[in-house]
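Each residue of the sequence shown is one higher than the one before, counting from 60 in the numbering used here.
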Amino acid sequence: MNKRLKTMSLTALFAALILVSTAYAKIPIGFGYVHVGDIFIMTGAFFLPTVYAVLSAAIGSMLADLIAGYVIYMPVTFFVKGLMALVCSLLYYKKFKFVRLLAGTVAASVAMLVGYFVFEGFYYGWAGAIGNIPLSLIQPAVSVTCAVLLTPALGKIPYLINLKEEIMPRKKVSTKAHAPAEKASDSDVEDAGASD
Numbered sequence: 060m061n062k063r064l065k066t067m068s069l070t071a072l073f074a075a076l077i078l079v080s081t082a083y084a085k086i087p088i089g090f091g092y093v094h095v096g097d098i099f100i101m102t103g104a105f106f107l108p109t110v111y112a113v114l115s116a117a118i119g120s121m122l123a124d125l126i127a128g129y130v131i132y133m134p135v136t137f138f139v140k141g142l143m144a145l146v147c148s149l150l151y152y153k154k155f156k157f158v159r160l161l162a163g164t165v166a167a168s169v170a171m172l173v174g175y176f177v178f179e180g181f182y183y184g185w186a187g188a189i190g191n192i193p194l195s196l197i198q199p200a201v202s203v204t205c206a207v208l209l210t211p212a213l214g215k216i217p218y219l220i221n222l223k224e225e226i227m228p229r230k231k232v233s234t235k236a237h238a239p240a241e242k243a244s245d246s247d248v249e250d251a252g253a254s255d
């Protein structure tokens with residue numbers, strides 16, 4: 060299986076996980092519903108290239124709204140969930156660090172809350188949108204907690220580690236770029252490598 064096919068397969072897998080966990084593991088509240096789909100948006104952003112993470116989040120979540128009967132939310136969901144994946148992907152920097160993981164999930168949750176708040180404010184009225192805030196906080200609280208625990212756990216599975224490295228190889232900086240026109244000494248090369 061080539062790299063592109065593996066990337067597409069993993070993207071489809073996360074899109075399916077997002078769709079199912081959003082459409083079928085939900086609790087109706089206020090104008091919409093809370094669900095656990097955001098956990099897989101945040102986790103998928105760690106294992107997928109940025110563009111594919113955004114697509115899996117946007118498409119999976121939008122289709123979940125269609126299945127769940129919240130058609131009016133589909134356009135805003137496509138944008139907001141894609142933005143969540145983008146924020147996570149950029150802040151994760153494709154390697155596990157707890158601070159980056161926490162910052163990415165929290166920032167993505169804030170983007171989600173703001174996006175839906177603005178939509179509901181214009182569509183339902185600002186009083187209703189403000190009143191819906193307390194219940195809306197349940198979803199990001201659960202999602203951030205679970206994603207922060209799940210992502211590093213999955214990141215220790217050898218198959219997923221190898222798959223991630225294959226579809227998102229880390230760039231290696233050549234020491235030749237740091238060497239002067241003349242042949243560099245061993246110590247110069249070591250110093251150049253240490254400065255990266």
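All residues carry an ideal CB built from backbone N, CA and C; glycine is no exception.
**Prompt:** Quick one: what's got a C-beta closer than 7 Å to Val207's C-beta in the same chain, skipping five residues either side?
**Reply:** Leu160, Leu161, Thr164
**Inter-stretch contact at 8 Å, needing at least 3 Cβ pairs: the region 85–102 / the region 116–130** = yes
**Asked** Can you tell me whether DSSP reads Thr234 as helix, strand or coil?
**Response** For Thr234, the pLDDT reaches just 39, beneath the cut-off of 50, and the residue's location in the model is therefore unreliable, leaving the point undetermined.
**Request:** Pull up the distance between the alpha-carbon of Leu219 and that of Phe181, whole angstroms please.
**Result:** Approximately 42 Å, taken between the alpha carbons.
**Prompt:** Is DSSP giving Val95 helix, strand or coil here?
**Reply:** coil
**Pairwise C-alpha distance: Leu172 and Val203** = 13 Å
**Request:** Give me the Cβ distance between Val146 and Ala166, rounded to the nearest whole Å; I'm assuming they're in contact under 8 Å.
**Result:** 5 Å
**Asked** So, Ser148 versus Ala117, is the Cβ gap smaller than 8 Å?
**Response** no
**Request:** Would you check if the distance between the CB atom of Gly119 and the CB atom of Leu78 is smaller than 8 Å?
**Result:** yes
**Asked** Cα separation between Gly128 and Ala82?
**Response** For Gly128 and Ala82, the distance between alpha carbons rounds to 9 Å.
**Beta carbon of Glu179 nearer than 8 Å to that of Ala188** = Result yes, Cβ atoms of Glu179 and Ala188 sit closer than 8 Å.
**Message:** Within 10 Å of its beta-carbon, does Asn191 have 16 or more other beta-carbons around it, so buried, or fewer, so exposed?
**Reply:** buried
**Request:** Return the CA-CA distance between Val130 and Ile98, expressed in angstroms with no decimal places.
**Result:** 22 Å
**Message:** I'd like the list of long-range same chain contacts for Cys205, defined as Cβ closer than 6 Å, with 5 residues on each side in sequence excluded.
**Reply:** Ile98
**Item:** Minimum C-alpha distance to Ala200 - residue among Pro134, Met101, Leu213, Val110
**Value:** Met101
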